[in-house]
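Q: These protein sequence lines are chains A and B, in that order.
No gaps in the numbering here: position 67 of the first sequence is 67 in the working numbering, and each next residue is one more.
No gaps in the numbering here: position 298 of the second sequence is 298 in the working numbering, and each next residue is one more.
Number of protein chains: 2
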Amino acid sequence: MRLSRYFLPVLKENPSEAQIVSHRLMLRAGMIKQQSAGIYSWLPLGFKVLRKIENIVHQEQIRAGHIPMQMPTLQSADLWRESGRYDGYGEEMLRMQDRHGRDMLFSPTAEELFTDVFRAHVNSYKDLPLTLYQIQWKFRDEIRPRFGVMRGREFYMKDGYNFDLTKEDALHAYNRHLVSYLRTYERMGLQAIPMRADSGPIGGDDTHEFLVLAETGESEVFYDREITDLTFGEREIDYNSVEQCQAVLEEFTSRYARTDETHDEALFNEVPEERRCVARGIEVGQIFYFGTKYSSALGATVQGPDGKPTEVHMGSHGIGVSRLLGAIIEASHDDNGIIWPEGVTPFHVGIVNLKQGDEEADAACEALYNSFTAVGLEPLYDDRKERAGGKFATMDLIGLPWRITVGPRGLKNGVVELTCRRTGESEEMTPEQAVAKIIEIYAPHRVNVF
Amino acid sequence: MRLSRYFLPVLKENPSEAQIVSHRLMLRAGMIKQQSAGIYSWLPLGFKVLRKIENIVHQEQIRAGHIPMQMPTLQSADLWRESGRYDGYGEEMLRMQDRHGRDMLFSPTAEELFTDVFRAHVNSYKDLPLTLYQIQWKFRDEIRPRFGVMRGREFYMKDGYNFDLTKEDALHAYNRHLVSYLRTYERMGLQAIPMRADSGPIGGDDTHEFLVLAETGESEVFYDREITDLTFGEREIDYNSVEQCQAVLEEFTSRYARTDETHDEALFNEVPEERRCVARGIEVGQIFYFGTKYSSALGATVQGPDGKPTEVHMGSHGIGVSRLLGAIIEASHDDNGIIWPEGVTPFHVGIVNLKQGDEEADAACEALYNSFTAVGLEPLYDDRKERAGGKFATMDLIGLPWRITVGPRGLKNGVVELTCRRTGESEEMTPEQAVAKIIEIYAPHRVNVF
Chain A
1 MRLSRYFLPV LKENPSEAQI VSHRLMLRAG MIKQQSAGIY SWLPLGFKVL
51 RKIENIVHQE QIRAGHIPMQ MPTLQSADLW RESGRYDGYG EEMLRMQDRH
101 GRDMLFSPTA EELFTDVFRA HVNSYKDLPL TLYQIQWKFR DEIRPRFGVM
151 RGREFYMKDG YNFDLTKEDA LHAYNRHLVS YLRTYERMGL QAIPMRADSG
201 PIGGDDTHEF LVLAETGESE VFYDREITDL TFGEREIDYN SVEQCQAVLE
251 EFTSRYARTD ETHDEALFNE VPEERRCVAR GIEVGQIFYF GTKYSSALGA
301 TVQGPDGKPT EVHMGSHGIG VSRLLGAIIE ASHDDNGIIW PEGVTPFHVG
351 IVNLKQGDEE ADAACEALYN SFTAVGLEPL YDDRKERAGG KFATMDLIGL
401 PWRITVGPRG LKNGVVELTC RRTGESEEMT PEQAVAKIIE IYAPHRVNVF
Chain B
1 MRLSRYFLPV LKENPSEAQI VSHRLMLRAG MIKQQSAGIY SWLPLGFKVL
51 RKIENIVHQE QIRAGHIPMQ MPTLQSADLW RESGRYDGYG EEMLRMQDRH
101 GRDMLFSPTA EELFTDVFRA HVNSYKDLPL TLYQIQWKFR DEIRPRFGVM
151 RGREFYMKDG YNFDLTKEDA LHAYNRHLVS YLRTYERMGL QAIPMRADSG
201 PIGGDDTHEF LVLAETGESE VFYDREITDL TFGEREIDYN SVEQCQAVLE
251 EFTSRYARTD ETHDEALFNE VPEERRCVAR GIEVGQIFYF GTKYSSALGA
301 TVQGPDGKPT EVHMGSHGIG VSRLLGAIIE ASHDDNGIIW PEGVTPFHVG
351 IVNLKQGDEE ADAACEALYN SFTAVGLEPL YDDRKERAGG KFATMDLIGL
401 PWRITVGPRG LKNGVVELTC RRTGESEEMT PEQAVAKIIE IYAPHRVNVF
């Protein structure tokens, strides 16, 4: 993309309404625009990152054997009356009537709808296990929306639902989700720690929240410092293996890690004092096992091996896709702006032309641009007639992890400058070397947007 | 994907509520499930095709230089009051109040919101031309939703908006959209004819609808038969070239082709009688030029070259993404089911194992499966213990364009059978030849879903 032809409305001033850094930087970098309280337009740069995050979530869910589909945003109230949640859900549920006076609502979650699809189409235990999921816009009418996309009203969420014959199978599904979520967050450059949590209106006993440590987090968290040394890394896992998934669960949940909702002071005090941490965290996902709560209410049964109708065991599993942009920025920025992890960056590399209009500099930038697009990488080429300082400030603000600076002086010596956004370190090399290095860096981070 | 692990709830019986073939086949092939009148769940197979169509639309819009972003589904009523459309829009607009009693609506279209983003961020003619677009869920509260996704209430739509300094520039944007739409539909295996139409509540004088000829179409159309001989084909086009885009517009719109809304009997009679066609068509897109209607109402101006505030010239341009599934099926099916064009098929090839459990047949199927996935093609392998007849019927119903049949008898001779869904013709060849042929067929039709 050439910046002169893109729509990147960066702001010079800090917007006064933004209280936290991710909100401020998303507004300043031209990623979002508020349309109503807690409701945002996703401007081109924001939409691009949103789509990358969405696709990583899809890829990891599919890898785990879960099947994507999509529910409508609007639902009939009847199904929620059947499950008993319609009246109790409270004012966070946005309700409306259609032109025929039928009660409808904007989906805040979709246990009912997925259970309805299941009961309509699945009859036998032979069709289990089954995990269906979607990524779709949700609405929760927060009384005080704030912190930008971190606590918006309309938000983009992955929600998945497992249907299993037995509690054991459902707990394997729970573990499988835990593993897939660990992989998902790591691909986005995040450390998200599973912590024992409270199940809230979803119900059920077993639930973990995934929290990214950040000063601006909405939850107080208590954990054993050792847990931050764990990484999933490159290990291969067989998602069908009960033992392998169980082992990962145990590895990642055996140390003390809880949100304030479930914090147990006495248990926490058993952790050696020097490892006891109290901090704040941003919730970026949650997994639940809730047994037959919804299958019982909605009559979702299958014929069991004994020929008798059996209520299926279920769980639901969410990732806050739009909120993740905020969480990533909270975890990865400096005074100059965002620092995108390679896995989610909107463009792979920035190209800054120090002297737009100079024949050699222009030609060198074009050649770099074409080299990247030819291998499927997306450069953002700042081809505007601006001062170098302004171009650097924009690149730093929008946070591309790598920048190539091209100027007449360097070209005389046959070199350009490759700069790492995170360290600020620069290195001179030939354009060919710069291209090769960028290709190498992104080899493990290829996500197609469209 | 292995069918035993997929969620493909095909129906044996014809659902009574479906009046047209695409609705019937989408229900029978397990692509959608109705949740309320005109509101559908997109089951895995349906969602997969929806995503492919979406990605083709994205690719062609980006190729034309248009910039993707995304608006919220819910909007404040205030903006629509400002444009003067809130009261007039009528009962098709779904209105609601949030918990604070603020009037909101579910976006039926987004002229207001895009104009609002534009006026907030663009100040100078130097930032033009600019075309922004989104693909997002919309809602129109049709009084009698019918024909499945063809006339649903919640639907997925691409809507784009061009902002230009002059009428001439805006007409070039109009032409650019026309060209990109021709390419888009052809990639989906559709012939969609641009026809002069009526602008309705969007407003403006210049508008063309794109219609796919089909007996079940909602519009009566009148056209010169010669127009059906035109194809866009493989031609290269420079979207920045006013002349090239204008030439395509002229080529595709100089012959008589109108919907009943704008039909002119006298003009039509000037077409030689043997070329005069009266038929029915399905609307799959529409482009508009409406000048300064919204920029004037909402105060969207830029500083012109003369330094004075100038209202921008606009148009809007829509493609009915979810409706396209219905249109494609109406245009491409037979008595046995859907026949997907290669560009949008949910899986590239079906693999039917005639004797599941036979060691050699199983191994041959697995080898084929792995050969396809290794090159990024997606096979659907029917690995169920079913009769061959049932497997063939399912493959025909869901409409994969190519099927490989593997059985012990053929394998003795070193061959499998490759069958074309459209012609029904089969050919025996080695597994390696079958893989090579499928790779060759799909070379021009690669669309990544995630």
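By construction, the Cβ of each residue, glycine as well, lies at the ideal position given by its N, Cα and C atoms.
Arg-196 of chain A to Phe-290 of chain A, Cα distance in whole Å?
A: C-alpha separation (whole angstroms): 15 angstroms.
Q: Looking at C-alpha atoms only, which residue of B:Gly-88, B:Ala-434, B:Asn-240 is the closest neighbour of Leu-350 of chain B?
A: This sequence places Gly at residue 350 of chain B; Leu is not what is there. Per the Cα distances, B:Ala-434.
Q: Counting C-beta neighbours from all protein chains within 10 Å, is the total for Val-179 of chain A 16 or more, i.e. buried, or is it exposed?
A: That one is buried.
Q: Are the region 111-119 of chain B and the region 141-158 of chain B touching, with three or more C-beta to C-beta distances below 8 angstroms?
A: Segments in contact, no.
Q: I want to verify the contact list: residues of chain B whose CB lies under 7 angstroms from the CB of Tyr-6 of chain A, in sequence order.
A: Per Cβ cutoff of 7 angstroms: Ile-67.
Q: Taking only runs of the alpha helix (DSSP H) that begin and end inside the region 156-230 of chain A, which ones reach a length of at least 4 residues, in chain order?
A: Listed in chain order, they are 167-187.
Q: Assign Ser-22 of chain B to buried or exposed, taking buried as 16 or more other Cβ atoms, counted over all protein chains shown, within 10 Å of its Cβ.
A: Result: buried.
Q: What does the Cβ neighbour count give for Thr-423 of chain B, buried or exposed, with the cut at 16 atoms within 10 Å?
A: Classification of Thr-423 of chain B: exposed, given that the 10 Å Cβ count is below 16.
Q: For the beta strand (DSSP E) that Ile-143 of chain A lies in, which residues bound it at each end?
A: Neither: Ile-143 of chain A is in no beta strand (DSSP E) and is coded neither H nor E.
Q: Between which two residues does the alpha helix (DSSP H) harbouring His-490 of chain A extend?
A: Given a span of 1 to 450 for chain A in the structure shown, any question on residue 490 of chain A remains unanswerable.
Q: So what's Arg-81 of chain B in DSSP terms, helix, strand or just coil?
A: Three-state DSSP puts Arg-81 of chain B in a helix.
Q: Hey, could you find the ends of the alpha helix (DSSP H) Leu-397 of chain A is sitting in?
A: Where Leu-397 of chain A is concerned, the enclosing alpha helix (DSSP H) stretches over 388-398.
Q: What does Ser-76 of chain A reach in chain B if we use C-beta pairs closer than 7 angstroms?
A: Here the neighbours are Gln-35, Ser-36.
Q: Does the region 357-369 of chain B come into contact with the region 66-76 of chain B, if we say contact requires no fewer than three beta-carbon pairs (one atom in each stretch) closer than 8 angstroms?
A: Counting Cβ pairs under 8 angstroms, fewer than three are found: no touch.
Q: Within 10 Å of its beta-carbon, does Thr-259 of chain A have 16 or more other beta-carbons around it, so buried, or fewer, so exposed?
A: Classification for Thr-259 of chain A: buried.
Q: By how many angstroms is the C-alpha of Ser-4 of chain A removed from the C-alpha of Tyr-256 of chain A?
A: Between Tyr-256 of chain A and Ser-4 of chain A, the C-alpha separation is close to 52 angstroms.
Q: Check whether the region 282-296 of chain B touches the region 223-240 of chain B, counting contact only when three or more Cβ pairs, one atom from each stretch, lie closer than 8 angstroms.
A: They do not touch, by the three-pair rule.
Q: With C-beta atoms as the reference, is Pro-309 of chain B less than 8 angstroms away from His-121 of chain A?
A: Cβ atoms of Pro-309 of chain B and His-121 of chain A: not closer than 8 angstroms.
Q: Ordered along the chain, which non-local residues of its own chain (more than five positions away) have a Cβ less than 6 angstroms from that of Val-416 of chain B?
A: Ile-404, Val-406, Gly-410, Pro-431, Ala-434, listed in sequence order.
Q: So with CB distances below 7 angstroms, who are the chain A contacts of His-348 of chain B?
A: Neighbours of His-348 of chain B on chain A: none; closest Cβ ~16 angstroms, over 7 angstroms.
Q: Assign Gly-38 of chain A to one of two classes, buried (16 or more other C-beta atoms within 10 Å of its C-beta) or exposed (fewer than that).
A: It is buried - the Cβ of Gly-38 of chain A has at least 16 other Cβ atoms within 10 Å.
Q: Please report whether the beta-carbon of Arg-99 of chain B lies at a distance below 8 angstroms from any beta-carbon of chain A.
A: Yes, because at least one Cβ of chain A sits closer than 8 angstroms to the Cβ of Arg-99 of chain B.
Q: Just to confirm the assignment: which complete beta strand (DSSP E) runs, minimum length 3, are found wholly within the region 287-315 of chain A?
A: The qualifying runs are 301-303, 309-311.
Q: Identify every run of the beta strand (DSSP E) within the region 239-281 of chain B, keeping only runs that are complete inside it and at least 3 residues long; order them along the chain.
A: Within the region 239-281 of chain B, the complete beta strand (DSSP E) runs of at least 3 residues are 257-259.
Q: Determine the direct distance from the alpha carbon of Thr-231 of chain B to that of Val-248 of chain B, and round the result to whole angstroms.
A: Val-248 of chain B and Thr-231 of chain B: Cα-Cα distance of roughly 11 angstroms.
Q: Is there contact here, the region 101-110 of chain A with the region 51-70 of chain A, by at least three beta-carbon pairs under 8 angstroms?
A: Result no; under three Cβ-Cβ pairs closer than 8 angstroms.
Q: How should Asp-334 of chain A be labelled, buried or exposed, when 16 other C-beta atoms within 10 angstroms of its C-beta is the threshold for buried?
A: By the neighbour-count rule (16 or more Cβ atoms within 10 Å), Asp-334 of chain A is not buried but exposed.
Q: Starting from the beta carbon of Pro-431 of chain A, find every residue of chain B whose beta carbon is closer than 7 angstroms, and list them in chain order.
A: What Pro-431 of chain A touches in chain B: nothing, since even the nearest Cβ is about 26 angstroms away.
Q: Could you give the C-beta distance for His-208 of chain A and Pro-194 of chain A, rounded to a whole number, given that I count them as a contact under 8 angstroms?
A: Yes, His-208 of chain A and Pro-194 of chain A are in contact; Cβ-Cβ is about 4 angstroms, under 8 angstroms.
Q: Ordered along the chain, which non-local residues of its own chain (more than five positions away) have a Cβ less than 6 angstroms from that of Met-150 of chain B?
A: These residues qualify, in order along the chain: Arg-323, Gly-326.
Q: So what does His-317 of chain B bridge to, in DSSP terms?
A: Answer is B:Gly-160, B:Ile-287.
Q: In the DSSP assignment, what are the bridge partners of Asp-116 of chain B?
A: DSSP, once it has assigned bridges, lists no residue as partnering Asp-116 of chain B.
Q: Rounded to whole angstroms, what's the CA-CA distance from Glu-128 of chain B to Arg-176 of chain B? Just pull it up for me.
A: According to the sequence shown, residue 128 of chain B is Leu rather than Glu. If you take the alpha carbons of Leu-128 of chain B and Arg-176 of chain B, they lie about 15 angstroms apart.
Q: For the beta strand (DSSP E) holding Asp-103 of chain B, just list the boundary residues, first then last.
A: Residues 103-106.
Q: If the cut is a Cβ gap below 7 angstroms, which residues of chain A does Pro-9 of chain B touch?
A: Near Pro-9 of chain B (Cβ distances below 7 angstroms), the residues of chain A are His-121.
Q: How many angstroms separate the CA atom of Gly-337 of chain B from the CA atom of Gln-34 of chain B?
A: Straight-line Cα distance between these residues: approximately 20 angstroms.
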